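997 is the number of the first residue of the sequence shown in the working numbering; add one for each residue after it. Ideal placement from N, C-alpha and C gives every residue a C-beta, glycine not left out. In this text the structure is predicted, and so the values were computed from the model without any measurement. For reference, the structure discussed in these notes is given below.
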Amino acid sequence: MSKYYILFGPPGAGKGTQAGAIAKQYNLKHISTGELLRAEIAAGTELGRQAKELIAAGNLVPDSVVEGMIASAFETVKGVDGFLLDGFPRNISQAEDLDRMLEARGESVTGCISIMISDRMIRERIQHRAAIEGRADDASDATVTNRINTYHAQTEPLIQYYKQCGKYHEADGVGTIEEVYKRITEIM
Ligand code: AP5
Ligand code: MG
């Protein structure tokens, strides 16, 4: 049995910040669908061209696109004890498809760990990152607002989804990076 952890949270919560060290500590493969999509855009692939406008506007890309990337990682990545999914699933349909994908492999989601911060802090952190990383979807207030709205409308219902099966765990995302890391690893 492999481990399948979901690192959950609103935009800017600190998923990417925490994921590297967690993956290393537990020998997991970190998969960020956002990072994979940005790499496709940077490489100028057909998939990247399709995703570019949607991401820049703060909308989700089609489920089939991200699910294809996840399925391919599950098939090809070897030599790890499991996966740390960052930014996936992002709506109920993706969560159901993930359950089906894992069931077909005789596996299941190990746990969903949520890093929680307020909408105000989302804006502060993204504003701070905008100057450093130059991400297209950090650049305008309108896009950040749409990402926050998309999170509440489509992604937040996953909290109930994972609570229902007893797999939801929440870590307070406010504090130093080390403090948040400690909270997450205590849950794991
Ligand atoms: P994605 O890349 O997943 O973006 P996101 O979910 O909006 O999350 P972020 O990467 O913005 O934030 P994070 O939680 O990783 O925070 P970070 O660690 O950087 O997705 C981008 C887009 O791709 C989506 O909008 C969508 O279009 C598409 N997409 C991706 N997955 C998809 C899916 N499954 N389905 C459909 N579409 C999908 O931290 C943020 C900042 O805060 C950094 O500057 C960091 O240094 C700082 N920080 C972190 N922790 C702390 C701390 N404890 N104290 C102070 N500062 C901190
Ligand atoms: Mg990220």
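As assigned by DSSP and simplified to three states, the class of residue 1056: coil
Burial state of residue 1156 (16 or more Cβ within 10 Å): exposed
Distance cut-off 7 Å: residue 1134 Cβ against heavy atoms of the ligand MG: no
Euclidean distance between Cα positions of residue 1164 and residue 1158: 5 Å
Residue 1159 in three-state terms, based on DSSP: helix
Contact belief for residue 1139 with residue 1052 at Cβ below 8 Å, rounded distance in angstroms: 7 Å
Heavy atom of the ligand GTP within 7 Å of residue 1016 beta-carbon: By its list of ligands, the structure shown excludes the ligand GTP, since it contains just the ligand AP5 and the ligand MG.
Nearest residue (CA-CA) to residue 1023, options 1068, 1078 and 1133: 1078
Short Cβ contact (8 Å threshold) for residue 1021 with residue 1111: no
Check whether residue 1002 and residue 1098 have beta carbons under 8 Å apart: no
Cβ separation of residue 1113 and residue 1183, assumed to be a contact under 8 Å, to the nearest whole Å: 16 Å between Cβ atoms; not a contact.
Member of 997, 1009 and 1004 whose CA lies at the smallest distance from the CA of residue 1120: 1009
Under 8 Å between C-beta atoms of residue 1000 and residue 1073: no
The segment 1029–1036 contacting the segment 1052–1071, beta-carbon criterion three pairs below 8 Å: yes
Residue 1025: CB within 7 Å of a non-hydrogen atom of the ligand MG: no
Whole-angstrom distance between residue 1006 and residue 1088, CA atom to CA atom: 15 Å
Where residue 997 falls: helix, strand or coil (DSSP): coil
Closer than 7 Å: residue 1105 CB and nearest the ligand AP5 heavy atom: no
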